[in-house]
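**Student:**
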Amino acid sequence: DVKVTQSSRYLVKRTGEKVFLECVQDMDHENMFWYRQDPGLGLRLIYFSYDVKMKEKGDIPEGYSVSREKKERFSLILESASTNQTSMYLCASSAALLNQPQHFGDGTRLSIL
Amino acid sequence: GESVGLHLPTLSVQEGDNSIINCAYSNSASDYFIWYKQESGKGPQFIIDIRSNMDKRQGQRVTVLLNKTVKHLSLQIAATQPGDSAVYFCAENSGGSNYKLTFGKGTLLTVNP
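Chain order of the listed sequences is D and U.
According to our numbering, the first sequence is numbered sequentially starting from 8.
According to our numbering, the second sequence is numbered sequentially starting from 64.
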């Protein structure tokens, strides 16, 4: 089974802090994704990466950056956290083959005070 | 519990009944579709997928039907159990993208014992 592990289930940070969310997958997947999930808005793509050191903006990249130094690890960075970034953050991975499902971690619930 | 289920359409069924969850997708060029299940406090879990060259696919207790003419997808769950209670949402590959999925808002399924 695919295992996508997010380092924290719950995180509380203060406005202006730099926040790192970490994600590791164990299936040697090429593609990795970061989403946020908010009530009424569903899943929205922040960034994705299709290879080491490669990244592409998703639908809502503002206020975020990412890092992919190793194939199995994809980090989401909030450069200066703001209260409107309080959300559930979900990491996913998928194989590079055509028409493959994304597999998700259990999420990090981030609160910015 | 987590708030992902707020503001969603809901379906309430009795244990042992069959459930049908519907999804209207947006892009006629999409050719790959996925159903996910999300339990409270967990990440989305892959259930079943279907490619556009098929109109039906069966898994264990689940069947997905695809009607490309009206851009409609449905998930049928046979003999629904309390453990099936969750938010279910569909995803499409955004006009044939190899990376990007567009997710529906979801339906909250409640199974009454």
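Ideal Cβ positions, reconstructed from N, Cα and C, are used throughout, including at glycine.
Under 7 angstroms between C-beta atoms, does residue 35(D) make it to chain U?
**Tutor:** No, because no Cβ of chain U sits closer than 7 angstroms to the Cβ of residue 35(D).
**Student:** Taking only beta carbons into account, state which residues of the region 91–105 of chain U come closer than 9 angstroms to chain D, listed in chain order.
**Tutor:** Cβ contacts with chain D: 94, 95, 97, 99, 101, 104, 105.
**Student:** For residue 80(D), which residues from the same chain have a beta carbon less than 6 angstroms from its beta carbon, with the 5 sequence-adjacent residues on both sides left out?
**Tutor:** Excluding sequence neighbours, residue 80(D) sits near 31.
**Student:** Using a Cβ-Cβ cutoff of less than 6 angstroms, which residues in the same chain neighbour residue 28(D) once the five nearest sequence positions on both sides are dropped?
**Tutor:** Same-chain partners within the cutoff: 83, 96, 115.
**Student:** For a contact meaning CB atoms closer than 7 angstroms, what does residue 164(U) contact in chain D?
**Tutor:** Those within 7 angstroms of residue 164(U) in chain D are 109.
**Student:** Contact between the region 74–82 of chain U and the region 94–112 of chain D is defined here as three or more beta-carbon pairs at a separation below 8 angstroms; is this criterion met?
**Tutor:** Flag = no, the region 74–82 of chain U and the region 94–112 of chain D do not touch.
**Student:** Only counting the same chain, and skipping five residues up and downstream in sequence, which positions put a Cβ closer than 7 angstroms to that of residue 66(U)?
**Tutor:** Unreliable placement is indicated for residue 66(U), whose pLDDT of 39 sits below 50; the coordinate value is still reported in the next sentence. So the list is empty, once near-sequence residues are dropped.
**Student:** Is it true that the region 32–41 of chain D meets the region 56–67 of chain D, where meeting means three or more beta-carbon pairs spaced less than 8 angstroms apart?
**Tutor:** Taking 8 angstroms as the limit for Cβ pairs, the verdict is that the region 56–67 of chain D does touch the region 32–41 of chain D.
**Student:** Give me, in chain order, the residues of the same chain whose beta-carbon lies closer than 6 angstroms to that of residue 13(D); leave out the 5 immediate sequence neighbours on both sides.
**Tutor:** Excluding residues within five positions, the ones whose Cβ falls inside 6 angstroms are 30, 98, 112, 115.
**Student:** Residues in the region 18–50 of chain D with C-beta within 7 angstroms of chain U's C-beta atoms, listed in sequence order?
**Tutor:** Correct list: 38, 44, 46, 47, 49, 50.
**Student:** In the structure shown, what three-state DSSP assignment does residue 90(D) receive?
**Tutor:** Helix, per DSSP.
**Student:** Whole angstroms is fine: what's the gap from residue 61(D)'s alpha carbon to residue 35(D)'s?
**Tutor:** The straight-line gap from Cα to Cα measures roughly 16 angstroms.
**Student:** Going straight from the alpha carbon of residue 101(U) to that of residue 23(D), what length do you get?
**Tutor:** Going from the Cα of residue 101(U) to the Cα of residue 23(D) covers about 32 angstroms.
**Student:** Please classify residue 146(U): does DSSP put it in a helix, a strand, or coil?
**Tutor:** Here residue 146(U) sits in helix by DSSP.
**Student:** Could you say which of 71(U), 91(U), 174(U), 176(U) lies nearest to residue 132(U) if we only look at CA atoms?
**Tutor:** Minimum Cα distance to residue 132(U) is reached at 91(U).
**Student:** Can you tell me whether DSSP reads residue 115(U) as helix, strand or coil?
**Tutor:** If DSSP states are grouped into helix, strand and coil, residue 115(U) belongs with coil.
**Student:** Would you tell me roughly how many angstroms separate the C-alpha atoms of residue 89(U) and residue 115(U), rounded to the nearest one?
**Tutor:** Rounded to the nearest angstrom, the two C-alpha atoms are 14 angstroms apart.
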